[in-house]
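Worksheet for the structure shown next.
Number of protein chains: 2
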Amino acid sequence: MGTKQDTGAPVKAGDLATPSLLADAGVLERNVATMAKVRPGLTLRPHVKAFKCTSLAAVLKEAGHTAFCCATTREVSGMVSAGLGNDLLLANEVIDITRLAVLSAHVTAGEARITVAVDSHEGIVAASAAGITEVLIDVDVGMPRCGCQPDEAGAVADAARAAGLHVRGVMGYEGHMMHEVNRTVREAGVVSSMSMLESAHDQVGGDVVSGGGTGTFDCNDTVNELQAGSYVLMDGDYARLGLPFEEGLTVTTTVISVGGGGHAVLDGGLKALAMDSGPPEVQGNGKVLFCADEHTTVVGSSWKVGDRVGLRPAHIDPTISKHEHIYLVDDIMSGGDAELVETWPVDLRGW
Amino acid sequence: MGTKQDTGAPVKAGDLATPSLLADAGVLERNVATMAKVRPGLTLRPHVKAFKCTSLAAVLKEAGHTAFCCATTREVSGMVSAGLGNDLLLANEVIDITRLAVLSAHVTAGEARITVAVDSHEGIVAASAAGITEVLIDVDVGMPRCGCQPDEAGAVADAARAAGLHVRGVMGYEGHMMHEVNRTVREAGVVSSMSMLESAHDQVGGDVVSGGGTGTFDCNDTVNELQAGSYVLMDGDYARLGLPFEEGLTVTTTVISVGGGGHAVLDGGLKALAMDSGPPEVQGNGKVLFCADEHTTVVGSSWKVGDRVGLRPAHIDPTISKHEHIYLVDDIMSGGDAELVETWPVDLRGW
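Residue numbers (our numbering), protein chains in the order written: chain A, 562 to 912; chain B, 562 to 912.
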């Protein structure tokens, strides 16, 4: 629990400079517990790209999830530095040999176990040249992003083995189903995608079948490790799915101006909130009129200059990556009166 | 000019890890010169929020623009640290006394001249309590963001003077006209907004009439200092206006995967590119299909794994603030062969 240096009194959210990113400690605890019941221990491989914070990853390790996914080599190295390198999967294609060599140095030094996704000849050559020892074959299961075609997976695995790489299994991300609101459509899509991944796994072999995410956590029965991350604090985009996870992240702002027409201007905007999934929602009454670089104009309530207003982001991952710290508080809904529990650096940002 | 340590050969854009933010040195030079012809010296007060980089601000100082706008107190302090504190305007309402006191300490130490925008009683009280000495009265000229109503400006100025503050004049930002594509509509809107600012100035007095931006640089004849910033490197959003400034910023990425359907996957996405004004455009042939956290899927050309692809952001300001460095290169259109001229830290990020 943070305390003020001068008085010893608890630090409150209202004492923090704005804009600041607040996370609800209770929501985090409940979301982690809810997921761990469905996906205990190593059946969940939390994806750190969602929150880019080793302190939060340590909470998940404490809950029994000791293997993690990363999207960038910087995330991998940061997790290793934080002592969380037990079993790290770089669930992304990287062909930069210099960066991959940093990862293999971690392995050589006995600091970590690191597995890298590959889907091409070039990826295999880069991994091998960099001294990477373990790979997963990444398979395209219906979303046009990374991954080889399912019927090519066996050949890619053969090429990897021929290059001296140990193939641990397959991964495939059904991202196109992740935000599908209609549960029936979502479930059917997952079945279709996972039949492709199973077909690839039949050719590739290995122990690991990795995939899935927050949106498919309870309807993907194929993967033996689920790559979910956003569930820890949720966002407006995932909230529409009616999952049993609560939203626990807001950007706290200060009203810096009140206009003649009744609008209020908050001191957090595009640089504090991701806009790819739409504008944020006002915590409590009110509606966002628009976001500018450093401002959000809100209407529909009566605010005065100096009031604190929370904005709930539509997309958690790129919102967190805009901030230097996550401030963990005891009750995000109590606004400025929420007490600070811990300050966590967002230490896995960048590339 | 950067050189490689081992060979002494020039560093090329293709040597940089991806995603990285590239700026074209020639475009920057030409855009700065074009603006300086219309708005020489102190008739331009460049807005550093657009690029958050003191090295780029130093280029503008060199071109004769020695007074700057800032949107955050961190930007102000960073400019002071870089020796660019000759005349800084915090063109934004800040009521955080702790932060404002940092600014007044710069002034007391003789490091800088700093003027703060105020539009309310609370803002005046905070500025005065923090030891701020100079203010501008911020006026709402038609965009629902900060600023008092034009007919209140005189009373706000009186209150500021009663609190012991020196009132240098007025500012008003016609942001609702800034991206208006129809020039006739844009010009008429500027006239209407600036008549409000003139009316406020009549009540307030003072030497400074500040406002405008890149989109109204050649049709705002009212302000005696123009607050433009984005013109230095432009973006897709401003490019639609047909202004005489060139686009000179791209996020350079690497093709990390090529799909069966002909799509290519680039290693830069939502965390490297602002999405508030839409997705980026592909430099050269090709089209963005979608952006994900760390990926952009593109179609319409034949790429292979390892190729470099540039993405031009739709909005420059929040794109730059996602990056640690701007890499200045000699010719952005030559892709990976562009030679590195300088590496500039984006040192004014955060709040």
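Glycine included, C-beta positions come from ideal geometry on N, C-alpha and C.
Owing to the predicted nature of the structure, the values given are computational and were not obtained by experimental measurement.
1) Check whether the Cβ atoms of residue 735 of chain B and residue 751 of chain B lie closer than 8 Å to each other.
2) Helix, strand or coil: which one does DSSP assign to residue 841 of chain A?
3) For residue 770 of chain A, which option in A:905, A:834 and A:650 has the closest C-alpha, if you only look at C-alpha atoms?
4) Do residue 590 of chain A and residue 641 of chain A have their CB atoms nearer than 8 Å?
5) Checking contacts by CB at 8 Å: is residue 732 of chain B closer than that to chain A?
6) Counting only beta-carbon separations shorter than 8 Å, does residue 630 of chain A have a partner in chain B?
7) Where does residue 912 of chain B sit, in a helix, a strand or coil, going by DSSP?
8) Note down the Cα distance separating residue 713 of chain A from residue 699 of chain A, rounded to an integer number of angstroms.
9) Under a CB-based cut-off of 8 Å, is residue 837 of chain B close to chain A?
10) Using a threshold of 8 Å, state whether the C-beta atoms of residue 747 of chain A and residue 775 of chain A are closer than that.
11) Nearest chain A C-beta to residue 911 of chain B closer than 8 Å, yes or no?
12) Figure out for me which residue from A:645, A:654 and A:839 has the closest Cα to the Cα of residue 633 of chain A.
13) Strictly under 8 Å for the Cβ-Cβ distance: is residue 814 of chain B near chain A by that measure?
14) Do residue 613 of chain B and residue 909 of chain B have their C-beta atoms within less than 8 Å of each other?
15) So residue 710 of chain B contacts chain A; which residues on that side make the cut at Cβ distance below 7 Å?
16) Taking only beta-carbon positions, decide if residue 914 of chain B is within less than 8 Å of chain A.
17) Using the DSSP secondary-structure output, state which residues sit across from residue 825 of chain B in a beta bridge.
18) Nearest chain A C-beta to residue 867 of chain B closer than 8 Å, yes or no?
19) Compile a chain-ordered list of the residues in the region 848-877 of chain A whose CB is closer than 9 Å to at least one CB of chain B.
20) Using a cut-off of 9 Å between C-beta atoms, extract the partners of residue 706 of chain A located in chain D.
21) By DSSP, does residue 763 of chain A sit in helix, in strand, or in coil?
22) In its own chain, which residues sit with a C-beta less than 6 Å from the C-beta of residue 702 of chain B, not counting the 5 before and 5 after it?
23) Is the beta carbon of residue 685 of chain A closer than 8 Å to that of residue 937 of chain B?
24) Please state if the CB of residue 707 of chain B and the CB of residue 826 of chain A are separated by a distance shorter than 8 Å.
25) So for residue 899 of chain A, helix, strand or coil by DSSP?
26) Between the region 865-883 of chain B and the region 820-836 of chain B, do three or more beta carbon pairs fall short of 8 Å?
27) For the alpha helix (DSSP H) containing residue 596 of chain A, name the first residue and the last one.
28) Kindly indicate which residue of A:812, A:870, A:730 and A:741 has the alpha-carbon position closest to the one of residue 679 of chain A.
29) Would residue 633 of chain B pass as an interface residue toward chain A - the criterion being a Cβ-Cβ separation below 8 Å?
30) Locate the beta strand (DSSP E) running through residue 684 of chain B, then write down its first and last residues.
31) Which residue or residues does DSSP assign as beta-bridge partners of residue 628 of chain A?
32) Count the C-beta pairs between the region 844-858 of chain A and the region 793-805 of chain A that are closer than 8 Å, then say yes if the count reaches three, no if not.
33) From this set, A:597, A:580, A:722 and A:608, which residue's C-alpha is nearest residue 635 of chain B's C-alpha?
34) Listing by chain order, which chain B residues have their CB less than 9 Å from the CB of residue 660 of chain A?
35) Check whether chain B comes within 8 Å of residue 562 of chain A, counting only Cβ atoms and requiring the distance to be less than that.
Per the coordinate set shown:
1) Numbered from 1 along the second sequence, position 174 holds the residue referred to as residue 735 of chain B. Numbered from 1 along the second sequence, position 190 holds the residue referred to as residue 751 of chain B. In this structure, residue 751 of chain B lies closer than 8 Å to residue 735 of chain B by Cβ.
2) Reading the first sequence from its first residue, position 280 is the one you call residue 841 of chain A. Coil, per DSSP.
3) Counting from 1 along the first sequence, the entry for residue 770 of chain A is found at position 209. Considering only alpha carbons, the answer is A:650.
4) Numbered from its first residue, the first sequence carries residue 590 of chain A at position 29. Numbered from its first residue, the first sequence carries residue 641 of chain A at position 80. Contact: no.
5) Counted from its first residue, the second sequence places residue 732 of chain B at position 171. No, residue 732 of chain B does not count as interfacial toward chain A.
6) Indexing the first sequence from 1 puts residue 630 of chain A at position 69. No, residue 630 of chain A lies away from the interface with chain B (no Cβ there is under 8 Å from its Cβ).
7) Reading the second sequence from its first residue, position 351 is the one you call residue 912 of chain B. Reduced to three states, the DSSP call for residue 912 of chain B is coil.
8) For the purposes of this step, residue 713 of chain A is taken as the residue at position 152 of the first sequence. For the purposes of this step, residue 699 of chain A is taken as the residue at position 138 of the first sequence. Going by the C-alpha atoms only, they are around 11 Å apart.
9) Within the second sequence, residue 837 of chain B is the residue found at index 276, counting from 1. So yes, residue 837 of chain B belongs to the interface.
10) Here residue 747 of chain A refers to the residue found at position 186 when the first sequence is read from its first residue. Here residue 775 of chain A refers to the residue found at position 214 when the first sequence is read from its first residue. No; because the gap between Cβ atoms is not below 8 Å, this pair is not in contact.
11) If you number the second sequence from 1, residue 911 of chain B lands on position 350. It does; some Cβ of chain A falls within 8 Å.
12) Counting from one through the first sequence, the residue named residue 633 of chain A turns up at place 72. For the set A:645, A:654 and A:839, the Cα lying nearest the Cα of residue 633 of chain A is the one of A:654.
13) Here residue 814 of chain B refers to the residue found at position 253 when the second sequence is read from its first residue. By the rule that beta-carbons nearer than 8 Å mark a contact, residue 814 of chain B does not touch chain A.
14) If you number the second sequence from 1, residue 613 of chain B lands on position 52. If you number the second sequence from 1, residue 909 of chain B lands on position 348. Closer than 8 Å, so yes.
15) For the purposes of this step, residue 710 of chain B is taken as residue 149 along the second sequence, with counting starting at 1. Contact annotation for residue 710 of chain B against chain A: 821 [CB-CB distance below 7 Å, chain order].
16) Only positions 562 to 912 of chain B appear in the structure, and residue 914 of chain B is not among them; the question remains open.
17) On the second sequence, residue 825 of chain B is found 264 positions in, with the first residue counted as 1. Residue 825 of chain B is bridged to B:819 and B:859.
18) Here residue 867 of chain B refers to the residue found at position 306 when the second sequence is read from its first residue. Among the residues facing chain A, residue 867 of chain B is included, as its CB has a counterpart in that chain under 8 Å away.
19) If the cut-off is 9 Å between Cβ atoms, the region 848-877 of chain A has 850, 851, 852, 853, 854, 855, 856, 858, 860, 865, 866, 867 and 876 near chain B.
20) Of the protein chains in this structure, namely A and B, none is chain D.
21) One-based indexing of the first sequence puts residue 763 of chain A at position 202. The DSSP-derived three-state label of residue 763 of chain A is helix.
22) Taking the second sequence and counting its residues from 1, one reaches residue 702 of chain B at position 141. So the list reads 733, 735, 754, 757 and 758, once near-sequence residues are dropped.
23) This structure cannot settle anything about residue 937 of chain B, because the visible part of chain B is limited to 562 through 912.
24) Residue 826 of chain A sits at position 265 when you count from the first residue of the first sequence. Residue 707 of chain B sits at position 146 when you count from the first residue of the second sequence. The Cβ atoms of residue 826 of chain A and residue 707 of chain B sit closer than 8 Å to each other.
25) Within the first sequence, the letter at position 338 stands for residue 899 of chain A. In the three-state DSSP reduction, residue 899 of chain A falls in the coil class, being neither helix nor strand.
26) Touching, yes, given that three or more Cβ pairs across the two stretches are closer than 8 Å.
27) Counted from its first residue, the first sequence places residue 596 of chain A at position 35. Start and end: 586-599.
28) On the first sequence, position 118 is the one that residue 679 of chain A refers to. Here the closest residue by C-alpha is A:730.
29) Against the second sequence, residue 633 of chain B aligns to sequence position 72. It does; some Cβ of chain A falls within 8 Å.
30) Locating residue 684 of chain B in the second sequence gives position 123, where the first residue counts as 1. Element bounds for residue 684 of chain B: not the beta strand (DSSP E) but the alpha helix (DSSP H), 682-690.
31) Residue numbering aside, residue 628 of chain A sits at position 67 when the first sequence is read from its first letter. As computed with DSSP, residue 628 of chain A is found in a beta bridge with A:648.
32) Judged by Cβ distances under 8 Å, the region 844-858 of chain A makes no contact with the region 793-805 of chain A, as fewer than three pairs qualify.
33) For this step, residue 635 of chain B is matched to residue 74 along the second sequence. If we check each option's Cα against that of residue 635 of chain B, A:580 comes out closest.
34) The sequence position of residue 660 of chain A within the first sequence is 99, counting from 1. 578, listed in chain order.
35) Locating residue 562 of chain A in the first sequence gives position 1, where the first residue counts as 1. In this prediction, residue 562 of chain A has a pLDDT of 49, which is less than 50 and means its spatial position is unreliable; nothing more can be read from the coordinates.
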